[in-house]
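Colleague:
2 protein chains.
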Amino acid sequence: MQDKITKLFKAIADPTRRDIFHALVIATSALSITQISSQFDISRQGVTKHIKTLEEAGLVNINTNGRERFCNANAKPLKEVSKWVEFYSQFWDNSLQGLENYLNTKDNE
Amino acid sequence: MQDKITKLFKAIADPTRRDIFHALVIATSALSITQISSQFDISRQGVTKHIKTLEEAGLVNINTNGRERFCNANAKPLKEVSKWVEFYSQFWDNSLQGLENYLNTKDNE
DNA sequence: TTAATACGCAACTTTTTGGTTGCTTAACGT
DNA sequence: ACGTTAAGCAACCAAAAAGTTGCGTATTAA
Chain L
128 MQDKITKLFK
138 AIADPTRRDI
148 FHALVIATSA
158 LSITQISSQF
168 DISRQGVTKH
178 IKTLEEAGLV
188 NINTNGRERF
198 CNANAKPLKE
208 VSKWVEFYSQ
218 FWDNSLQGLE
228 NYLNTKDNE
Chain H
128 MQDKITKLFK
138 AIADPTRRDI
148 FHALVIATSA
158 LSITQISSQF
168 DISRQGVTKH
178 IKTLEEAGLV
188 NINTNGRERF
198 CNANAKPLKE
208 VSKWVEFYSQ
218 FWDNSLQGLE
228 NYLNTKDNE
């Protein structure tokens with residue numbers, strides 16, 4: 128399909144998925160698909176799809192117990208997003224300093 | 128359409144758009160649409176569309192001069208992404224500490 | 001053992017997205 | 001003045017995404 132970082136960015140680009148992820152992070156215990164569904168206005172299948180996307184992005188871990196699948200949030204992959212953003216933080220001030228820093232530190236080719 | 132933060136997340140979710148944005152950040156001067164197009168394998172119209180998306184996300188500023196439109200990157204909106212990620216950084220270690228911190232600091236309702 | 005629950009899978013629909021081409025308009029260079 | 005260049009607009013297309021419903025299956029509770 129697409130590279131890992133793109134999967135991650137796409138996963139968090141959808142507002143419903145961000146909400147689901149947030150709910151899982153905040154939850155004091157793992158939540159089943161049905162439990163998640165009950166908190167959202169979309170069908171259970173819709174939730175299942177979102178969970179799958181989040182899982183493929185590494186943001187959710189699933190633990191099957193009997194007929195239930197308990198979902199946990201895993202925020203670690205967001206480190207990648209943080210790293211991506213961090214590079215651009217040197218350009219936040221809109222001055223040329225950021226670019227100068229960049230040009231000075233990269234290997235002269 | 129959709130809320131600002133979602134526009135921003137969607138803007139950076141596309142790999143081509145991330146590349147265009149990067150090229151603009153790195154560029155030592157503003158680039159016209161045609162100049163950008165020459166660096167990518169998609170048509171000029173394709174680039175125009177991506178630029179529009181980036182502009183709507185606030186990540187690109189455009190300065191029209193005659194028949195040319197010069198594009199500058201503006202990394203500032205990425206602060207929002209940084210803020211979003213930062214909240215979850217307390218959960219990176221996968222321990223319960225993050226959740227405890229969250230529960231302790233939020234207003235008890 | 002039978003009914004209810006939790007879920008996956010598959011098919012389908014609608015909307016969005018990423019991209020294209022064709023045409024027009026405005027600005028330059030000569 | 002005239003050809004060339006820069007770009008917008010609109011229509012179009014294909015693929016992906018977001019969501020649905022229907023159905024089958026495994027697990028649990030009665």
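Protein chains in written order, with this note's numbering: chain L, 128 to 236; chain H, 128 to 236.
Heads up, the beta-carbon is just placed ideally off N, CA and C, and yes, glycines get one too.
Just so you know, these numbers come straight off a predicted model, no measurement behind them.
Can the beta-carbon of residue 198(H) be found less than 7 angstroms from the beta-carbon of residue 212(H)?
Modeller: Cβ distance not < 7 angstroms, so residue 198(H) and residue 212(H) don't count as in contact.
Colleague: Count the C-beta pairs between the segment 172-180 of chain L and the segment 175-189 of chain H that are closer than 8 angstroms, then say yes if the count reaches three, no if not.
Modeller: Counting Cβ pairs under 8 angstroms, fewer than three are found: no touch.
Colleague: Note the first and the last residue of the continuous alpha helix (DSSP H) segment covering residue 189(L).
Modeller: Unbroken run through residue 189(L) is the beta strand (DSSP E), 187-192; no alpha helix (DSSP H).
Colleague: Look at residue 139(H) and residue 136(L) and say whether their C-beta atoms are less than 7 angstroms apart.
Modeller: Against a cut-off of 7 angstroms, the Cβ pair of residue 136(L) and residue 139(H) comes out as a contact.
Colleague: Cβ closer than 8 angstroms: which chain L residues qualify as neighbours of residue 137(H)?
Modeller: Ordered by position in chain L, the residues that pass the 8 angstroms Cβ test against residue 137(H) are 140.
Colleague: With DSSP run on the structure shown, which of helix, strand or coil describes residue 216(H)?
Modeller: In this structure, residue 216(H) counts as helix in the three-state DSSP scheme.
Colleague: Whole angstroms are fine: how far does the CA of residue 194(L) sit from the CA of residue 181(H)?
Modeller: Each residue's alpha carbon lies about 44 angstroms from the other.
Colleague: Do residue 218(L) and residue 152(H) have their C-beta atoms within less than 7 angstroms of each other?
Modeller: Their beta carbons are under 7 angstroms apart, which means residue 218(L) touches residue 152(H) by this criterion.
Colleague: Which parts of the segment 131-192 of chain L are runs of the alpha helix (DSSP H), unbroken and 4 residues or longer, counting only runs that do not cross its ends?
Modeller: Taking only runs of at least 4 residues, the alpha helix (DSSP H) segments lying wholly in the segment 131-192 of chain L are 131-140, 142-153, 160-165, 171-183.
Colleague: Assuming residue 158(H) contacts residue 215(L) (C-beta within less than 8 angstroms), just tell me the rounded distance between them.
Modeller: About 17 angstroms separates the two Cβ atoms, so there is no contact after all.
Colleague: Is the Cβ of residue 203(L) closer than 7 angstroms to any Cβ of chain H?
Modeller: By this cut-off, residue 203(L) is an interface position.
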